[in-house]
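Asker: The structure's right below; bear with me while I get my questions together.
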Amino acid sequence: MQRPDNNNKGAPLPGQNAQNAPQSLGEIYDDARVKLEGRLTQYRLLHSLSVADIADLMANVYEVDPEYARLAGLLHDWDKNYTDEELVGRAERFNIELPDDPRNMAALLHAQTGACAVAQEYPNVPPEILQAISRHTSAATDMSELDMIIYVADMIEPLRSAPSLQLLRSLAGNVPLEELFIKCFQSTLEHLIRRHRYIHPGSVAVWNAYAAKEHAQKRKG
Ligand SMILES: [Fe+2]
Ligand SMILES: [Fe+2]
242 MQRPDNNNKG APLPGQNAQN APQSLGEIYD DARVKLEGRL TQYRLLHSLS VADIADLMAN
302 VYEVDPEYAR LAGLLHDWDK NYTDEELVGR AERFNIELPD DPRNMAALLH AQTGACAVAQ
362 EYPNVPPEIL QAISRHTSAA TDMSELDMII YVADMIEPLR SAPSLQLLRS LAGNVPLEEL
422 FIKCFQSTLE HLIRRHRYIH PGSVAVWNAY AAKEHAQKRK G
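Going by our numbering, the letters in the sequence shown line up with residues 242 to 462, in that order.
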């Protein structure tokens, strides 16, 4: 495995010349599949392929475009192999606002810089896919169906081995997508609390937004 592009600070980030960039989503998938071999560890590459497969399956169940889901799954960890320092440099070059608190910074930034880098590498990738890549760690208060599929697929894909995932896997396809997403998000927060880890204020805001929505729905029903 090679390190992904290590650019000098201030140098433009590499990207394909728009004329040479693959056009269709299928061509982009094939091109990215090869490029990811040079960007990710073997495990992370297999994880990305696994997320693509699960996202495709989920998209068929939840009636979302499976080609979008498969490509977003493949690309979601495009920037995962950078160090914290490199991610900060990339975030600055992409004009991404850095989190106030450096804890969990890499986890948040690789999603956001990855979306920007993918947009540069593949100008034809639709904004819905870029958004799903960007939100796959932090989530958001207004997740689209594609965003939720990538968030969930990243968590439940079969190469992950945590015992708590069995229940979440069993729910996939058997409960509404938003309910499944909330259960996965809850599991992430519980994991952080059990380990006395920092919870980003943005994650708390996401939880509160969906808890309020669920509460309002229960009161209506
Ligand atoms: Fe990731
Ligand atoms: Fe991932």
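Cβ atoms here follow ideal geometry from the backbone N, Cα and C, with glycine treated the same way. Keep in mind the model is a prediction, meaning the values are calculated, not measured.
Determine the direct distance from the alpha carbon of tyrosine 392 to that of alanine 293, and round the result to whole angstroms.
Answerer: Looking at the two C-alpha atoms, the distance is approximately 11 Å.
Asker: I believe glutamate 447 touches alanine 380 by the beta-carbon criterion, under 8 Å. Please report the beta-carbon distance rounded to the nearest angstrom.
Answerer: Inspection of the sequence shows that residue 447 is occupied by valine rather than by glutamate. Indeed they touch by this definition, with Cβ atoms about 5 Å apart.
Asker: Could you tell me the alpha carbon to alpha carbon distance between alanine 457 and tyrosine 303, rounded to whole angstroms?
Answerer: Going from the Cα of alanine 457 to the Cα of tyrosine 303 covers about 24 Å.
Asker: Quick check on this structure: which residue in Ala332, Tyr309, His351 has the alpha carbon closest to the alpha carbon of arginine 376?
Answerer: Among Ala332, Tyr309, His351, the Cα nearest to that of arginine 376 belongs to His351.
Asker: Given a cut-off of 7 Å, decide if tyrosine 309 and leucine 387 are closer than it, judged by their beta-carbon atoms.
Answerer: It is a contact, given that the beta carbons lie within the stated cut-off.
Asker: Relative to ligand 2, is the shortest distance from any of its heavy atoms to the C-beta of aspartate 325 smaller than 6 Å?
Answerer: Aspartate 325 Cβ: outside cutoff for every heavy atom of ligand 2.
Asker: On the three-state DSSP scale, how would you describe aspartate 426?
Answerer: Note that residue 426 is phenylalanine in the sequence shown here, rather than aspartate. The answer is helix: DSSP assigns phenylalanine 426 an H, G or I state.
Asker: What are the complete alpha helix (DSSP H) segments, minimum 4 residues, inside the region 252-313?
Answerer: Within the region 252-313, the complete alpha helix (DSSP H) runs of at least 4 residues are 266-280, 283-303.
Asker: For the pair the region 316-336 and the region 354-361, tell me if three or more CB-CB distances fall below 8 Å.
Answerer: Touching, per the Cβ criterion.
Asker: Any heavy atom of ligand 1 closer than 6 Å to the beta-carbon of aspartate 318?
Answerer: Yes.
Asker: Taking 7 Å as the threshold (C-beta atoms), are alanine 453 and isoleucine 390 in contact?
Answerer: Not closer than 7 Å, so no.
Asker: Where does threonine 354 fall in DSSP's three states?
Answerer: Three-state DSSP puts threonine 354 in a helix.
Asker: Going by beta carbon distance, what residues of the same chain come within less than 8 Å of isoleucine 434, once the five residues before and after it are set aside?
Answerer: Closer than 8 Å at Cβ, skipping near neighbours: Ile440.
Asker: Tell me whether aspartate 383 counts as near ligand 2, meaning its Cβ is closer than 6 Å to at least one heavy atom of that ligand.
Answerer: It does not: the Cβ of aspartate 383 is nowhere closer than 6 Å to a heavy atom of ligand 2.
Asker: Taking just the CA atoms, how far does histidine 288 sit from glycine 406?
Answerer: The amino acid occupying residue 406 in the given sequence is leucine; glycine does not appear at that position. Rounded to whole angstroms, leucine 406 to histidine 288 spans 15 Å at the Cα level.
Asker: Would you grab the beta carbon distance between alanine 313 and isoleucine 397 for me? Rounded to a whole angstrom, and I think it's under 8 Å.
Answerer: That pair is no contact at about 15 Å.
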